[in-house]
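In the numbering used here, each residue carries its 1-based index in the sequence shown increased by 1.
Using N, Cα and C, we set each Cβ at its ideal position, and we do this for glycine too.
Note that the structure is a prediction, hence the values are computed from the model and not measured.
Encoded as structure tokens, the structure appears first; notes follow it.
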Amino acid sequence: MIITDEKKLADIQSEFQEKFPALKLEFYSTPHQVGSGSASQELLPASAQIGTVRRIHSAGDLSINGHLKVKTLEQMFFEQYGLNVQVFRKSGDIWLQTTTTDEWTLTEQNNRGMRAMTDAN
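Structure (structure tokens):
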């Protein structure tokens, strides 16, 4: 996933969801504490350009695979690109912040979400 100042947050969200359809990324103006959720009033609009909402303006290729733990992915976005991100998992009709399951891998999270989506139908 290529990260540049010119891209929009929505571009990153779409690329991520193509790989993990039962997960989504949301971006926030401030970081969240480990084990805590992000406040909804700090949610950044998906239409925002990356360059306007981050503190570290380096471009690069963020390698994301299913073996990454959620907390590792969130930490990588913050440390490498200055972006505050929270992973959400689909659960029935709602999206849950993965705060209590940040130790799970992206594949584990996605599989759980896919099962929840199947069970809801």
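Asked, Found
"Per DSSP, cross-strand counterpart(s) of VAL54", "The partner list for VAL54 (beta bridge, DSSP) is empty, contrary to what the question assumes."
"Given 8 angstroms, three or more beta-carbon pairs between the stretch 91-105 and the stretch 43-59", "no"
"Close beta carbons around LEU45, own chain, < 7 angstroms, minus the five adjacent residues each side", "LEU10, PHE28, TYR29, SER30, VAL54"
"Identity of the residues DSSP links to PHE89 by a beta bridge", "LYS25, GLN98"
"Inter-residue Cα distance where the pair is ILE3 and THR119", "31 angstroms"
"6 angstroms CB neighbourhood of MET115 in its chain, flanking five on each side removed", "ALA23"
"Residue from ALA40, SER15, LEU26 with nearest C-alpha to PHE89", "LEU26"
"Local conformation of LYS8 per DSSP, three classes", "coil"
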